[in-house]
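To keep things clear, I will list the structure first and then write my remarks on it.
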Amino acid sequence: MNSGPDGPSIIWGVVMVVMALSALLARRIPWRQAFPMIGAWTVGFALLFVAFSYREQAKSVWKQVTQDFSDEPRTEAGGIVRIPRDDSGHFIAKAQVNGRDVAFLIDTGATHTVFPEAMARDLGIDVDKSGFPSVSSTANGNVMDWRATVASLRVGGIVRNDFPVRVTEGKLDEALLGMSWLSTLKSWRVEGSEMVLEP
């Protein structure tokens with residue numbers, strides 16, 4: 265007797281086929297009509313058997329497919345995070361700032377990690393305006409900003425606590441994840457349609 269993991273499913277399939285044949289015989293259905301029905305039952309049980317036998321492989325394939333089409337950061341072994349390129353050709357990091365969801369445009373041309381003032385206010389980020397504003401470089405030019413600190417900034421499984429950021433009063437519509445954050449990583453690179461972040 266087959267004692268492997270598929271043994272019970274084989275036995276169950278045989279039992280079901282026997283039960284189906286018994287039901288047909290009990291109803292005294294002519295063999296000319298019974299053969300197509302037997303064939304349909306056999307094909308159905310065969311498909312169920314294959315699906316059951318390869319369910320783990322199917323789960324793995326489905327997981328990979330959903331990850332490939334997901335726009336969420338994907339954390340791999342070693343804490344490596346992969347961020348997919350969006351339809352506009354940019355890399356958008358779905359992150360958490362102080363436990364709140366924030367979408368960052370990854371800007372390798374930005375000196376600092378920068379928030380628009382309205383977003384910073386909504387996130388409860390305290391801005392230090394005791395001194396003079398500074399200037400941050402972005403891919404779209406320079407912006408005037410103020411210093412601030414966030415308690416935590418998480419991208420995938422990568423977390424930076426008490427992280428210094430900048431808050432700008434205008435000229436910026438979205439949060440930028442700049443070199444001040446990228447430089448804390450061991451490495452970062454672009455592979456095909458993904459940005460790979462190694463903590």
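Per the working numbering, the sequence shown runs over residues 265 to 463.
Quick reminder that beta carbons are idealized off the backbone N, C-alpha and C, glycines included.
Just how far apart, CA to CA, sit residue i and residue j?
i: S398; j: F355; result: 26 Å
i: G395; j: D409; result: 11 Å
i: N406; j: S317; result: 59 Å
i: E455; j: F309; result: 44 Å
i: V366; j: P300; result: 59 Å
i: G342; j: K450; result: 12 Å
Counting only the same chain and skipping the five closest in sequence on each side, list residues whose C-beta sits under 6 Å from that of residue i.
i: P380; result: L436
i: W445; result: T377
i: R411; result: D392
i: E438; result: L369
So, under 8 Å CB-CB, residue i and residue j are touching, yes? Tell me the CB distance rounded to an integer number of Å.
i: A374; j: S401; result: 7 Å
i: V414; j: V431; result: Not confirmed; about 10 Å, so no contact.
i: L440; j: D371; result: 4 Å
Apart from the five residues on each side of it in sequence, which residues of its chain come closer than 7 Å, Cβ to Cβ, to residue i?
i: V460; result: I344, R346, W452 and R453
Taking C-alpha atoms, which residue in the options lies nearest to residue i?
i: S361; options: D351, N404, V419 and L311; result: Reading off the sequence shown, one finds Val at residue 361, where the question assumed Ser. Taking only the C-alpha atoms, the option nearest V361 is V419.
i: D390; options: D365, F427, K358 and N404; result: F427
i: E462; options: T306, L312, P337 and D371; result: P337
i: N404; options: G442, D351 and K358; result: G442
i: G434; options: L449, S447 and A382; result: A382
Identify every residue that forms a DSSP beta bridge with residue i.
i: M459; result: I347 and V454
i: R364; result: V361
i: M408; result: V399
Suppose the cutoff is 8 Å on Cβ atoms and the five residues either side in sequence are ignored; what does the same chain contact list for residue i look like?
i: V423; result: S416 and L417
i: E340; result: R346
i: S457; result: P348 and R349
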